[in-house]
Amino acid sequence: MKSIRISQLLEDEGHDLRLTLMAGAQGLKRTVDSSRIQKPGLALAGFTEHLHPHRVQVFGNTEISYLATLPEEGQRASLAKLFGEEDLACVVVTKALDAPKALVDACEATGLALMKTPLLSSEFIQRVQLFLEDALTESSSLHGVLMDVFGVGILLLGKSGIGKSEIALDLVMRGHRLVADDIVDVTRRKGAVYGAGNPVIKHHMEIRGLGIINIKDLFGVSAVREQKKIELVIELQEWDPHQEYDRLGVEDKHLQIVGVDIPLSVVPVRPGRNMATIVEVAARNQLLKLQGHHSAREFAERLNRAIAQGAMRRNLGEEVE
């Protein structure tokens, strides 16, 4: 399971968490492995049954107000039980509230990072969850081309020079959208895989004989998109007359990308095949599958029924004779 250090919360700039460290600097080395946030609430009163380890603990107005109702000894006892129960990630005080001395001392003593933000609890929780989801997401980079064809994210794979970029250019000319060429950055989010262009070469494409072209400048902003969910992988292979290719498509193949199985089609390439049209048909066929219509299996079932009925008629004819 992927995890990040608590210090990365302080270093973040993209999610505007506005965190400052108050105590427990040694706790910045601790890790967090879940994007779920917890408000201790009843745990401060001793009910720690649903307290989860390695999560960010948010102390808002409710928690700070509750501690203020306790004498200092009561505060220290409550916090000692809370921090000693589980290996927590860190504590964040919201709304720029003043942290009780008992909280500061407890965090310092247990090596738990105590941070403060001026954001409201609801706003901070929303932002830090987005930050953690991005930071904890499994990611990788692939050599290929990602296209949005009829709303289906199609990843084209194949060895260098097989024609992936040329197929993508043909698809752009037909009105489809380029997501990434050559390098596809992939991430897993909520059980799905999303692909995006590498920031350095985003919207660019290499066409042998022409060089580097900018799809956005040539065809307009409607010809590109920033990211797309990958729903189908098409692996391009050079045509081999000695290899047996799937001619029915009854059995589904999959390729695992960052731990997620993506439908896979292996398509042979040879002169005379209109590959852009084949990719468009693959996209339409994938849309049908997503709606519950598997053309190859439906055809195979009809064929089996016809064969069975034919056999039954022959048997009846033999019995009559």
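Here this note's numbering runs 4 ahead of the position in the sequence shown, where the first position is 1.
Even for Gly, the Cβ is constructed at its ideal location relative to N, Cα and C.
inquiry  = Tell me the rounded alpha-carbon separation between residue 73 and residue 50.
reply    = On the sequence shown, position 69 is the one that residue 73 refers to. On the sequence shown, position 46 is the one that residue 50 refers to. Each residue's alpha carbon lies about 15 angstroms from the other.
ask   = If you compare alpha carbons, which of 280, 117 and 297 is closest to residue 154?
value = Stepping through the sequence shown from its first residue, residue 154 is reached at position 150. That would be 280, whose Cα lies nearest to the Cα of residue 154.
inquiry  = Applying the 10 Å Cβ sphere with the 16-neighbour rule, what's the burial state of residue 169?
reply    = The residue you call residue 169 lines up with position 165 of the sequence shown. Per the 10 Å Cβ criterion, buried.
query = Any contact of the stretch 213-229 with the stretch 134-147, i.e. 3+ C-beta pairs under 8 angstroms?
reply = no
Residue burial classification, residue 266 (beta-carbon count within 10 angstroms, cutoff 16) = Taking the first residue of the sequence shown as 1, we reach residue 266 at position 262. Flag for residue 266 reads buried.
ask   = Roughly how many angstroms separate the alpha carbons of residue 83 and residue 107, rounded to a whole number?
value = Within the sequence shown, the letter at position 79 stands for residue 83. Within the sequence shown, the letter at position 103 stands for residue 107. Going by the C-alpha atoms only, they are around 7 angstroms apart.
task = Go through its chain and collect everything with a Cβ distance to residue 56's Cβ below 8 angstroms, but skip five positions before and after it.
result = The residue labelled residue 56 in the question sits at position 52 within the sequence shown. Closer than 8 angstroms at Cβ, skipping near neighbours: 38, 40, 42 and 90.
task = Identify which residue in 194, 312, 105 and 299 has its Cα closest to the Cα of residue 27.
result = The residue labelled residue 27 in the question sits at position 23 within the sequence shown. Closest option to residue 27, Cα to Cα, is 105.
query = Between the stretch 180-193 and the stretch 139-158, are three or more C-beta pairs nearer than 8 angstroms?
reply = yes
key: Beta-carbon contacts of residue 292 that lie in its chain and below 7 angstroms, excluding the five residues immediately before and after   = The residue labelled residue 292 in the question sits at position 288 within the sequence shown. Result list for residue 292: 299, in chain order.
message = Nearest by alpha-carbon distance to residue 203: which of 231, 34, 290 and 93 is it?
response = Working through the sequence shown from its first residue, we reach residue 203 at position 199. With distances taken between Cα atoms, residue 203 lies closest to 231.
ask   = Exposed or buried, residue 4, counting other C-beta atoms within 10 Å across all chains shown (16 or more means buried)?
value = A question about residue 4 goes unanswered here, because the residues of the chain that appear run from 5 up to 325.
task = Please determine, among 255, 210, 278 and 87, the residue with the shortest C-alpha to C-alpha distance to residue 165.
result = On the sequence shown, position 161 is the one that residue 165 refers to. It is 210.
query = For the stretch 301-314 against the stretch 272-287, are there 3 or more C-beta pairs whose distance is under 8 angstroms?
reply = no
ask   = Is it the case that the CB of residue 269 approaches a heavy atom of the ligand GDP more closely than 7 angstroms?
value = No copy of the ligand GDP occurs in the structure displayed, which carries no ligand at all.
ask   = According to DSSP, what are the bridge partners of residue 239?
value = For this step, residue 239 is matched to residue 235 along the sequence shown. 161 and 270, per the DSSP bridge assignment.
request  = Grab the span of the beta strand (DSSP E) containing residue 249 for me, first residue to last.
outcome  = Along the sequence shown, one-based indexing puts residue 249 at 245. Looking at the DSSP string, residue 249 is not in any beta strand (DSSP E), and its letter there is neither H nor E.
ask   = Do the CB positions of residue 61 and residue 156 come within less than 8 angstroms of each other?
value = Position 57 of the sequence shown, counted from the start, is the residue given in the question as residue 61. Position 152 of the sequence shown, counted from the start, is the residue given in the question as residue 156. No, the pair does not count as a contact, with Cβ atoms beyond the cut-off.
ask   = Is residue 100 helix, strand or coil by DSSP?
value = Position 96 of the sequence shown, counting from 1, holds the residue named residue 100. Three-state result, residue 100: coil.
request  = Using 10 angstroms around the beta-carbon of residue 256, count the other beta-carbons present and answer buried if the total reaches 16, otherwise exposed.
outcome  = Translated into the one-based positions of the sequence shown, residue 256 becomes position 252. Exposed.
query = Relative to the alpha-carbon of residue 152, which residue among 76, 114, 127 and 287 has its alpha-carbon at the smallest distance?
reply = Indexing the sequence shown from 1 puts residue 152 at position 148. Answer by Cα proximity: 287.
task = Could you tell me whether the Cβ atoms of residue 262 and residue 176 are closer together than 8 angstroms?
result = Working through the sequence shown from its first residue, we reach residue 262 at position 258. Working through the sequence shown from its first residue, we reach residue 176 at position 172. Against a cut-off of 8 angstroms, the Cβ pair of residue 176 and residue 262 comes out as no contact.
request  = Would you mind working out which of 85, 94 and 312 sits nearest residue 29, comparing C-alpha positions?
outcome  = As a working note, residue 29 is residue 25 in the sequence shown. When only C-alpha atoms are compared, the closest one is 94.
The beta strand (DSSP E) enclosing residue 218, as first and last residue numbers = Residue numbering aside, residue 218 sits at position 214 when the sequence shown is read from its first letter. Where residue 218 is concerned, the enclosing beta strand (DSSP E) stretches over 215-218.
task = Mind checking who residue 24 pairs with in its DSSP beta bridge?
result = By 1-based counting over the sequence shown, the position of residue 24 is 20. Paired residue(s): 120.
key: Cross-strand partners of residue 52 (DSSP beta bridge)   = Along the sequence shown, one-based indexing puts residue 52 at 48. Residue 52 is not bridged to any residue.
ask   = Between residue 76 and residue 45, what straight-line distance do the alpha-carbon atoms span, to the nearest angstrom?
value = Reading the sequence shown from its first residue, position 72 is the one you call residue 76. Reading the sequence shown from its first residue, position 41 is the one you call residue 45. About 18 angstroms.
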